[in-house]
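J.: In this note's numbering, the protein residues as written are 28 to 409.
The structure follows.
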Amino acid sequence: MQFKLSEDTLMIRNMVRNFAKKEIEPLAEELDNTHQFPTESFKKMGELDLAGLCIPEEWGGGGGSYLDFAVFIEELAKVCASTAVIMSVHTGLGCMSIYKYGSQKLKEKYLKDLASGKIVGAYALTEPNAGSDAGSLKCRAEDKGDHFILNGQKIFITNGNATTFCTFVKTDSTQGPGKGITCLIVERDTPGFTISKPVDKMGMNGSPTVELSFEDCKVPKENVLGEINDGFKVAMGLLDGGRITIGAQALGIGEGALEYTTQYMKERQQFGKPLAANQGLQFMVADMATALDAAQLLVYRAAWMKDNDIPHGKEASMAKLFASDTAMEVTTNCVQLLGGYGYCKEYPVERMMRDAKITQIYEGANQIQRMIIGRNVIGKFK
Ligand code: CAA
Numbered sequence: 028m029q030f031k032l033s034e035d036t037l038m039i040r041n042m043v044r045n046f047a048k049k050e051i052e053p054l055a056e057e058l059d060n061t062h063q064f065p066t067e068s069f070k071k072m073g074e075l076d077l078a079g080l081c082i083p084e085e086w087g088g089g090g091g092s093y094l095d096f097a098v099f100i101e102e103l104a105k106v107c108a109s110t111a112v113i114m115s116v117h118t119g120l121g122c123m124s125i126y127k128y129g130s131q132k133l134k135e136k137y138l139k140d141l142a143s144g145k146i147v148g149a150y151a152l153t154e155p156n157a158g159s160d161a162g163s164l165k166c167r168a169e170d171k172g173d174h175f176i177l178n179g180q181k182i183f184i185t186n187g188n189a190t191t192f193c194t195f196v197k198t199d200s201t202q203g204p205g206k207g208i209t210c211l212i213v214e215r216d217t218p219g220f221t222i223s224k225p226v227d228k229m230g231m232n233g234s235p236t237v238e239l240s241f242e243d244c245k246v247p248k249e250n251v252l253g254e255i256n257d258g259f260k261v262a263m264g265l266l267d268g269g270r271i272t273i274g275a276q277a278l279g280i281g282e283g284a285l286e287y288t289t290q291y292m293k294e295r296q297q298f299g300k301p302l303a304a305n306q307g308l309q310f311m312v313a314d315m316a317t318a319l320d321a322a323q324l325l326v327y328r329a330a331w332m333k334d335n336d337i338p339h340g341k342e343a344s345m346a347k348l349f350a351s352d353t354a355m356e357v358t359t360n361c362v363q364l365l366g367g368y369g370y371c372k373e374y375p376v377e378r379m380m381r382d383a384k385i386t387q388i389y390e391g392a393n394q395i396q397r398m399i400i401g402r403n404v405i406g407k408f409k
């Protein structure tokens, strides 16, 4: 058993860490305040082969492993969680959907541009009445021979500025929940496809979250990913991977907050000594560091399993669940340790605490992760 990263992964980590410190961290506060998508950073990541890091080079990607991708997201999230979720969804769902389930033609048409960072990708599953119960989605697509006609709505869609939306629609309404669903790529400029303005959120402000509406929107059949009427498995299969990098994102947020806070504790003097000299506070740090270490092991193990083609749905859910609960606890404690300053926007830990909250919710609320883990451990009972 090996507990160290390979030379290749360490090299990527160093490169990404330097890049994130130099190019991403200085923008984090601004993105939070202005709610702007980091277009320039995204372009730079494309130039550095990071936009499709785990996609093979022949398709415009970086040719790295899924573990490399998880480490990349972790490093981004240490300094800017918004940028991390943008890349997690773009690569893990936007690029991976086409790489795993798309035809050669679709790969030529979209994947090269996505993986090289020329365009942004998104994933559209959730609807107003189908959130945790994703299998009950109602957005419908009528089969018209060589194309589908889409009508319906999607909400809470990350990367609202995307060019390609990997969209899940009901193509056979005679089938029950989780069945008769098809996955297809909808291009941004398709007539009948409307994208709302970004919704106002608690955090992750650099990542535009939108609503989509389809009104007699014509999508060619060649844009189907996987099998017609078997798209729910595509949705779930992609989330098995996506949840690993949401775990990595949560891990990075927690690590970033703890790093900032321990530095603060060494400098802040109260009662004639630094905060760090108080054993009670040291114990808080010890608990946070231990939980983050455990979260990292869970995230890396799930990524390693994916790289080795080992079924990893349960382990991805465990990683996402534990890392996000840890991120919430760690960032809350970090705000506490900074006291009044921690509650002020001038210090980054309050942003980190707001950003951490959503990692317990998106790509499956943690109650859903527990459901998936439970079913894997004891079987599915009704
Ligand atoms: N891989 C492949 N197939 C899978 C699967 C997986 N991981 N999980 C389930 N399936 C298959 C099942 O085998 C079943 O097919 P069969 O009947 O042929 O065997 C079918 O899918 C239905 O499965 P279930 O009966 O288990 O479905 P369910 O409705 O009971 O439970 C769920 C499914 C796990 C609760 C699912 O609905 C779920 O994950 N919900 C959460 C939704 C979610 O995560 N949304 C995230 C939105 S995306 C987002 O947030 C991204 C972003 O922008 C940041």
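Beta carbons: idealized from backbone N, C-alpha and C, even for Gly.
Is the separation between the beta-carbon of G73 and that of S143 shorter than 8 Å?
T.: Taking the sequence shown and counting its residues from 1, one reaches residue 73 at position 46. Taking the sequence shown and counting its residues from 1, one reaches residue 143 at position 116. Their beta carbons are under 8 Å apart, which means G73 touches S143 by this criterion.
J.: Which of the three DSSP states is assigned to G172 in this structure?
T.: Taking the first residue of the sequence shown as position 1, residue 172 is located at position 145. Three-state result, G172: coil.
J.: Less than 7 Å separating the Cβ of Y150 from some heavy atom of the ligand CAA?
T.: Numbered from its first residue, the sequence shown carries residue 150 at position 123. Result yes, Cβ under 7 Å from the ligand CAA.
J.: Which first and last residues belong to the alpha helix (DSSP H) in which G268 is found?
T.: Residue mapping note: residue 268 aligns to position 241 of the sequence shown, counting from 1. Its alpha helix (DSSP H) spans residues G258 to E294.
J.: So, is C371 buried or exposed, given that buried needs 16 or more other C-beta atoms within 10 angstroms?
T.: By one-based count along the sequence shown, residue 371 stands at place 344. Exposed, since its Cβ has fewer than 16 Cβ neighbours within 10 Å.
J.: Among residues of its own chain, excluding the 5 on either side of Q180, which ones have a beta-carbon nearer than 8 Å to its beta-carbon?
T.: Residue mapping note: residue 180 aligns to position 153 of the sequence shown, counting from 1. Taken in chain order, the residues that qualify are E154, P155, C166, E238, L239, S240 and F241.
J.: Going by beta-carbon coordinates alone, are K333 and Y93 separated by less than 8 Å?
T.: Indexing the sequence shown from 1 puts residue 333 at position 306. Indexing the sequence shown from 1 puts residue 93 at position 66. In contact: K333 and Y93 (Cβ atoms closer than 8 Å).
J.: In angstroms with no decimal places, state the Cα-to-Cα distance between G274 and L324.
T.: Indexing the sequence shown from 1 puts residue 274 at position 247. Indexing the sequence shown from 1 puts residue 324 at position 297. One C-alpha to the other measures close to 11 Å.
J.: So for P247, helix, strand or coil by DSSP?
T.: Locating residue 247 in the sequence shown gives position 220, where the first residue counts as 1. Here P247 sits in strand by DSSP.
J.: Are at least three pairs of beta-carbons, each pair with one atom in the stretch 267 to 281 and one in the stretch 102 to 115, less than 8 Å apart?
T.: A contact exists between the stretch 267 to 281 and the stretch 102 to 115.
J.: Under three-state DSSP, which class holds Q297?
T.: Within the sequence shown, numbered from 1, the residue matching residue 297 stands at position 270. Strand at Q297.
J.: Measuring from the CB of Y389, is there a heavy atom of the ligand CAA at a distance below 7 Å?
T.: Residue numbering aside, residue 389 sits at position 362 when the sequence shown is read from its first letter. Checking the Cβ of Y389 against the ligand CAA gives yes.
J.: Quick one: complete beta strand (DSSP E) runs, 3+ long, within the stretch 74 to 152?
T.: For the stretch 74 to 152, whole beta strand (DSSP E) runs of length 3 or above, ordered along the chain, are 148 to 151.
J.: Does DSSP put E373 in a helix, a strand or coil?
T.: Stepping through the sequence shown from its first residue, residue 373 is reached at position 346. DSSP places E373 in coil when its eight states are reduced to three.
J.: So, helix, strand or coil for Q202, using DSSP?
T.: Stepping through the sequence shown from its first residue, residue 202 is reached at position 175. Correct three-state label for Q202: coil.
J.: Should V116 be labelled buried (16 or more other beta-carbon atoms within 10 Å of its own) or exposed?
T.: Taking the sequence shown and counting its residues from 1, one reaches residue 116 at position 89. Under this definition V116 is a buried residue.
J.: Give a single yes or no on whether I399 has its beta carbon closer than 7 Å to a heavy atom of the ligand CAA.
T.: Sequence index remark: in the sequence shown, residue 399 carries index 372 (1-based). Yes.
J.: Decide yes or no for the touch test of the stretch 183 to 200 against the stretch 29 to 44: beta carbon pairs closer than 8 Å, at least 3 of them.
T.: Verdict: no, contact absent.
J.: Is M229 near the ligand ADP, with its Cβ less than 7 Å from a heavy atom?
T.: Because the ligand ADP does not appear in the structure shown, any question about it cannot be addressed here, the ligands present being the ligand CAA.
J.: Can you name the residues that DSSP bridges to T185?
T.: The residue labelled residue 185 in the question sits at position 158 within the sequence shown. DSSP lists T236 as partners of T185.
J.: Going along the chain, which residues of its own chain have a beta-carbon closer than 8 Å to the beta-carbon of E390, five neighbours each way excluded?
T.: Translated into positions along the sequence shown, residue 390 becomes position 363. Cβ neighbours of E390 beyond the five flanking positions: L266, G269, R270, I273 and K347.
J.: Closer than 7 Å: is that where the CB of I271 sits relative to any heavy atom of the ligand CAA?
T.: Residue numbering aside, residue 271 sits at position 244 when the sequence shown is read from its first letter. No, Cβ of I271 sits at least 7 Å from all heavy atoms of the ligand CAA.
J.: Just to confirm, are G401 and T353 a CB contact at a threshold of 8 Å?
T.: Here residue 401 refers to the residue found at position 374 when the sequence shown is read from its first residue. Here residue 353 refers to the residue found at position 326 when the sequence shown is read from its first residue. Contact flag unset, no.
J.: Distance, Cα to Cα, F64 vs P235?
T.: If you number the sequence shown from 1, residue 64 lands on position 37. If you number the sequence shown from 1, residue 235 lands on position 208. Distance between the alpha carbons of F64 and P235 is about 7 Å.
J.: Comparing the CB of I395 with every heavy atom of the ligand CAA, is any distance shorter than 7 Å?
T.: Counting from 1 along the sequence shown, the entry for residue 395 is found at position 368. The answer is yes for I395.
J.: For D59, which of V246, D257, Q297 and M380 has the nearest alpha-carbon?
T.: The count along the sequence shown starts at 1 and reaches residue 59 at position 32. The option with the nearest alpha carbon to D59 is M380.
J.: So, A161 versus A304, is the Cβ gap smaller than 8 Å?
T.: Position 134 of the sequence shown, counted from the first residue, corresponds to residue 161. Position 277 of the sequence shown, counted from the first residue, corresponds to residue 304. No. Outside cutoff.
J.: Using C-beta distances below 7 Å, list every residue in its chain close to K293, excluding the 5 sequence neighbours before and after it, in chain order.
T.: Here the question's residue 293 lines up with position 266 in the sequence shown. Around K293: P301 and A303.
J.: If we ignore side chains and look at the alpha-carbon of each, how far apart do A157 and P225 end up?
T.: The residue given as residue 157 occupies position 130 in the sequence shown. The residue given as residue 225 occupies position 198 in the sequence shown. C-alpha separation (whole angstroms): 20 Å.
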